[in-house]
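Right, one structure below, let's go through it.
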Amino acid sequence: MKTIRQMLLAVLLTALLPPMAFAQLTDASEIVGKANIAAYYAGDDGRSAARMLIMDANGNRQQRQFTLLRQDVEDGGDQRYLVVFSRPADIRGTVFRVEKQVGRDDDRWLYLPALDLVKRIAAGDKRTSFVGSHFFYEDISGRALEEDNHTLIETTDEHYLIESTPKDPDTVEFASFRTWIDRETMLPMRSEYARASGEVYRRMEVTEVETIDGYPTGTEVRMADLDSGGYTITQFRFSEYDIGLPDRIFSERSLRNPPREWLQRN
Amino acid sequence: MRISHGQWARHLGLAALLALPAMAYAQSDDAAAPADPWGEEAWDEEADWGEDPWATESSGWQLYGFLEGATAARIHNDPAVNEDYTLNELRGQLEAERVLGEQTLRVKGDLWADGVEDGLRGDLREANLSGRLSERIDYEIGRQILTWGTGDLVFLNDLFPKDYVSFFSGRDDEYLKAPVDALKLSFFGDVNLDLVWLPRANPNRFITGERLSYFSAEAGRRVAAPPEIDPDDRDDWLDDSEWAMRLYQTIRGTEYAAYAFHGFDKQPSGLDPVSNRPLFPRLSSLGASIRRPIGAGVGNLEAAYYHGQDSAGTDPNRPNDQWRLLAGFEHEAATDLTLGWQYYLEWTQDHDALIANTPSAQRPFAVDEYRHLLTNRITYQMLRQDLTLTLMTFYSPSDQDYYLRPRAQYRFNDRLIGTLGGNLFGGEDDWTFHTQLEDNSNLYARIRYNF
Numbered sequence: 001m002k003t004i005r006q007m008l009l010a011v012l013l014t015a016l017l018p019p020m021a022f023a024q025l026t027d028a029s030e031i032v033g034k035a036n037i038a039a040y041y042a043g044d045d046g047r048s049a050a051r052m053l054i055m056d057a058n059g060n061r062q063q064r065q066f067t068l069l070r071q072d073v074e075d076g077g078d079q080r081y082l083v084v085f086s087r088p089a090d091i092r093g094t095v096f097r098v099e100k101q102v103g104r105d106d107d108r109w110l111y112l113p114a115l116d117l118v119k120r121i122a123a124g125d126k127r128t129s130f131v132g133s134h135f136f137y138e139d140i141s142g143r144a145l146e147e148d149n150h151t152l153i154e155t156t157d158e159h160y161l162i163e164s165t166p167k168d169p170d171t172v173e174f175a176s177f178r179t180w181i182d183r184e185t186m187l188p189m190r191s192e193y194a195r196a197s198g199e200v201y202r203r204m205e206v207t208e209v210e211t212i213d214g215y216p217t218g219t220e221v222r223m224a225d226l227d228s229g230g231y232t233i234t235q236f237r238f239s240e241y242d243i244g245l246p247d248r249i250f251s252e253r254s255l256r257n258p259p260r261e262w263l264q265r266n
Numbered sequence: 267m268r269i270s271h272g273q274w275a276r277h278l279g280l281a282a283l284l285a286l287p288a289m290a291y292a293q294s295d296d297a298a299a300p301a302d303p304w305g306e307e308a309w310d311e312e313a314d315w316g317e318d319p320w321a322t323e324s325s326g327w328q329l330y331g332f333l334e335g336a337t338a339a340r341i342h343n344d345p346a347v348n349e350d351y352t353l354n355e356l357r358g359q360l361e362a363e364r365v366l367g368e369q370t371l372r373v374k375g376d377l378w379a380d381g382v383e384d385g386l387r388g389d390l391r392e393a394n395l396s397g398r399l400s401e402r403i404d405y406e407i408g409r410q411i412l413t414w415g416t417g418d419l420v421f422l423n424d425l426f427p428k429d430y431v432s433f434f435s436g437r438d439d440e441y442l443k444a445p446v447d448a449l450k451l452s453f454f455g456d457v458n459l460d461l462v463w464l465p466r467a468n469p470n471r472f473i474t475g476e477r478l479s480y481f482s483a484e485a486g487r488r489v490a491a492p493p494e495i496d497p498d499d500r501d502d503w504l505d506d507s508e509w510a511m512r513l514y515q516t517i518r519g520t521e522y523a524a525y526a527f528h529g530f531d532k533q534p535s536g537l538d539p540v541s542n543r544p545l546f547p548r549l550s551s552l553g554a555s556i557r558r559p560i561g562a563g564v565g566n567l568e569a570a571y572y573h574g575q576d577s578a579g580t581d582p583n584r585p586n587d588q589w590r591l592l593a594g595f596e597h598e599a600a601t602d603l604t605l606g607w608q609y610y611l612e613w614t615q616d617h618d619a620l621i622a623n624t625p626s627a628q629r630p631f632a633v634d635e636y637r638h639l640l641t642n643r644i645t646y647q648m649l650r651q652d653l654t655l656t657l658m659t660f661y662s663p664s665d666q667d668y669y670l671r672p673r674a675q676y677r678f679n680d681r682l683i684g685t686l687g688g689n690l691f692g693g694e695d696d697w698t699f700h701t702q703l704e705d706n707s708n709l710y711a712r713i714r715y716n717f
């Protein structure tokens with residue numbers, strides 16, 4: 001009798017307690033590995049419409065709108081991207097193609113429609129503005145995990161707090177950054193980049209999360225430059241995962257003639 | 267399309283430079299109107315992502331365009347040209363696009379009031395239908411812009427027409443490529459093939475002397491219109507058709523391509539000895555290129571053999587055959603600072619025969635057997651890419667001449683872009699490629715309002 005009561009109590013407690021999708025993790029590299037998969041490798045492929053609102057310190061506004069196609073060659077590894085711009089008018093028709101290669105430089109191409117020109121882009125500093133926004137190229141495609149040392153410095157009810165320091169400090173503008181990773185979704189919800197003095201000068205925040213096709217997805221992300229006061233908000237809409245993108249669309253053909261059948265929202 | 271002659275157009279470019287920013291700022295106030303799906307009010311609303319030409323099935327015509335005021339002042343007095351500007355214009359471009367399933371219909375035209383040539387001018391830049399014929403075949407038919415090859419402002423296997431008059435006089439880079447009337451078929455497989463048929467020859471928009479002066483070997487000095495260079499046109503449909511082909515594939519990050527062209531020289535480089543009229547000699551070319559990452563940069567090699575109508579080199583009125591070779595390397599030297607380097611060679615075959623058969627008075631002006639050209643491009647981006655500073659330098663150690671293209675481009679907002687720059691030529695001998703343009707050296711200002 002006593003045993004049955006205990007069992008019932010256990011079941012009730014389990015049902016009433018907040019769901020814990022993951023057991024508590026204690027290994028920093030396992031946590032950043034899972035966060036990397038959650039943020040950049042949801043599904044085997046995906047499509048999303050994105051738009052950016054870029055506000056500079058003086059209140060001047062610019063916007064960008066593009067559709068993003070992504071295919072994972074390997075989870076946590078190489079990826080293919082096609083970014084097709086639709087706004088503003090002078091950037092419309094520009095297409096950006098990336099073969100992201102872990103462990104070596106990405107291959108990148110840019111198509112400029114007015115000249116019908118396919119330009120190959122030299123590997124460069126990935127911590128520079130992505131299409132004029134406050135996001136860096138690396139914020140969009142992900143920073144390689146092995147470039148930093150990661151330490152778990154706190155585990156709260158909601159977050160793992162990870163501090164990362166660069167292995168090669170000369171290649172980056174930050175001395176360290178801290179990331180708050182949601183324990184349930186494993187999505188990085190906030191990152192703060194600090195100088196050697198500890199002063200935080202750059203902050204990324206996920207302000208909206210939706211579960212799409214079973215994958216928790218940051219659908220609104222804000223990147224702030226705390227020095228100037230400027231910021232960029234990126235919204236993702238019409239996202240879909242596991243749509244079966246064929247390999248062949250990640251090619252020069254798609255630069256000149258973007259694959260409408262795969263770009264179309266459903 | 268001239269509507270008048272006179273002074274009225276002369277100050278158009280300048281007037282536009284002043285008026286366009288005012289228009290743009292007025293417009294940005296309007297942007298708050300909720301009717302604009304791309305406006306401020308709309309930002310938070312789910313429904314207001316608007317029609318995206320890529321992501322949604324669009325209905326009807328999509329319209330885009332810009333207004334641009336541009337002026338380019340000569341920095342030298344050109345004794346051959348009675349004109350202080352190489353460019354002075356107010357230009358509008360309108361583009362209409364309609365998606366019909368897998369096909370796209372596109373029309374793009376420019377209209378401008380020209381203060382240098384005094385009149386209203388027009389240019390149809392695109393009028394084409396393009397799309398997918400099958401899983402493995404794309405097509406584009408009609409007036410279009412075509413580009414291929416690996417050079418940066420140096421073209422070997424790209425024998426589609428260039429508009430050097432626009433390029434040298436201060437217009438935007440996009441005008442370097444002149445449109446062609448063509449049918450392009452693209453086949454995709456283990457090796458990809460582009461096949462282009464141009465039913466009549468498409469020459470360069472070359473320097474005729476009307477806007478820019480040039481060196482005349484006949485006159486032995488720099489000249490300008492009148493008279494304009496008026497070559498015997500290759501404009502008979504079918505009889506004067508041209509073919510261009512490219513085979514290409516990318517294998518593990520390395521881009522391989524082979525090219526062929528059969529048509530006519532893009533410049534009126536020949537002369538009819540009877541009528542004494544310039545002409546476009548036959549030209550066929552074969553070539554290849556490779557482009558791949560090297561170290562932290564991108565390297566490219568390209569070669570082409572130009573076969574004309576004077577293989578023995580004995581006809582002074584036709585250009586000799588040539589090898590053309592290009593080696594390039596581009597890398598990011600520092601954050602936001604990109605450097606590009608190119609070495610380019612034009613190797614004229616049977617050069618001895620060319621000299622022996624050139625009239626002695628014109629011998630000093632004949633091309634060297636080896637024309638070497640070095641280029642450097644410095645690009646620096648600032649203010650989150652709102653400001654781009656560029657300097658492109660062409661220097662020929664064999665011709666002892668140079669061409670500098672400095673440029674500063676500022677993005678005020680999504681609609682308004684301002685550009686300041688120059689086209690600066692100079693060198694030792696009046697008759698070399700760049701020195702002959704010395705008196706056309708100019709500094710320009712452009713302001714463009716996109717809509």
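Those sequence lines, one after another, are chains Z and U. By our numbering, the letter at position 208 of the first sequence is numbered 208, and the numbering carries on one by one without gaps. By our numbering, the letter at position 285 of the second sequence is numbered 551, and the numbering carries on one by one without gaps. Even glycine gets a Cβ: it sits at the ideal position worked out from N, Cα and C. Just so we're clear, the structure is a prediction, and the values are computed from it rather than from any experiment.
| query | result |
| --- | --- |
| When the Cβ atoms of the segment 523-532 of chain U are set against those of the segment 419-434 of chain U, are three or more pairs found closer than 8 Å? | yes |
| At the level of alpha carbons, what is the spacing between E596 of chain U and T604 of chain U? | 7 Å |
| Between U:D602, U:Q359, U:W613, U:Q666, which has its C-alpha nearest E334 of chain U's C-alpha? | U:Q359 |
| Report the option in U:Q588, U:Q647, U:E568 whose CA atom is closest to the CA atom of Q608 of chain U. | U:E568 |
| By Cβ distance below 8 Å, which residues in the same chain neighbour P663 of chain U in space, the five residues on each side in sequence not counted? | H638, L640 |
| Sort out for me which residues DSSP pairs N394 of chain U with in a bridge. | U:R372, U:G408 |
| With 9 Å as the threshold, decide whether the Cβ of E312 of chain U is near any Cβ in chain Z. | Here the model assigns E312 of chain U a pLDDT of 49, short of 50, so the residue's position is not dependable, and the following value carries that caveat. Closer than 9 Å to some Cβ of chain Z, the Cβ of E312 of chain U qualifies, so yes. |
| Could you check whether D45 of chain Z and I212 of chain Z sit closer than 9 Å to each other, using their CB atoms as the reference points? | no |
| Which same chain residues, not among the five before or five after A570 of chain U, have their C-beta less than 6 Å away from its C-beta? | L422, N423, S551, G553, R590 |
| List in chain order: all unbroken beta strand (DSSP E) runs of 3+ residues lying wholly within the segment 457-513 of chain U. | 458-464, 480-482, 487-489 |
| Going along chain U in order, which residues have a C-beta closer than 7 Å to the C-beta of L280 of chain Z? | Here chain Z has residues from 1 to 266 only, and residue 280 of chain Z is not among them. |
| Using 8 Å as the threshold, is the segment 168-176 of chain Z in touch with the segment 150-160 of chain Z, meaning 3 or more CB pairs across them? | no |
| Count the CB pairs spanning the segment 48-56 of chain Z and the segment 20-37 of chain Z that are closer than 8 Å, and state whether there are at least three. | no |
| With a cut-off of 9 Å, does the C-beta of R650 of chain U fall near any C-beta of chain Z? | yes |
| Residues in the segment 147-158 of chain Z with C-beta within 9 Å of chain U's C-beta atoms, listed in sequence order? | none |
| For a cutoff of 9 Å on Cβ pairs, would you count N60 of chain Z as touching chain U? | yes |
| Shorter than 9 Å from the beta carbon of T128 of chain Z to some beta carbon of chain U? | yes |
| From the DSSP secondary-structure annotation, give me the bridge partner or partners of W378 of chain U. | U:R357, U:R387 |
| Taking the alpha-carbon positions, what's the N583 of chain U to G574 of chain U distance? | 12 Å |
| With DSSP as the reference, label T128 of chain Z as helix, strand or coil. | coil |
| Answer with yes or no whether the minimum CB distance from A224 of chain Z to chain U is below 9 Å. | no |
| Thinking C-beta only, is D447 of chain U closer than 9 Å to L464 of chain U? | yes |
| Taking C-beta pairs closer than 9 Å, name the residues in chain Z that P559 of chain U reaches, listed in chain order. | R104, D105, D107, R120, A122, A123 |
| Quick one: give me the first and last residue of the beta strand (DSSP E) that L639 of chain U is part of. | 636-648 |
| With a threshold of 6 Å on Cβ separation, who are the neighbours of A362 of chain U within its own chain once the five nearest residues in sequence on each side are excluded? | W327, L329, V373 |
| Quick one: give me the first and last residue of the beta strand (DSSP E) that R677 of chain U is part of. | 667-677 |
| Can you round the beta-carbon distance between Y715 of chain U and F691 of chain U to whole angstroms, since I take them to be within the 8 Å contact cut? | About 30 Å; that fails the 8 Å criterion. |
| Which chain Z residues sit within Cβ distance under 9 Å of G519 of chain U? | E99, Q101, D107 |
| Kindly list, in the order they appear in chain U, the residues whose Cβ is closer than 9 Å to that of T257 of chain Z. | The identity of residue 257 of chain Z in the sequence shown is Asn, whereas the question assumes Thr. Per Cβ cutoff of 9 Å: T370, S396, G397, R398, D404, E406, S452. |
| From S129 of chain Z to M223 of chain Z, what distance separates their C-alpha atoms? | 11 Å |
| Can you give me the C-alpha to C-alpha distance between A599 of chain U and R237 of chain Z, rounded to a whole angstrom? | 37 Å |
| From the DSSP secondary-structure annotation, give me the bridge partner or partners of R97 of chain Z. | Z:L82, Z:W109 |
| Under 6 Å Cβ to Cβ from I683 of chain U, same chain only, skipping five residues before and after it: list those, please. | R677, R714 |
| Quick check: is the beta carbon of N348 of chain U nearer than 9 Å to any beta carbon in chain Z? | no |
| For W378 of chain U, is the classification buried or exposed, using 16 other Cβ atoms within 10 angstroms of its Cβ as the cut-off for buried? | buried |
| Using three-state DSSP, classify A339 of chain U as helix, strand or coil. | strand |
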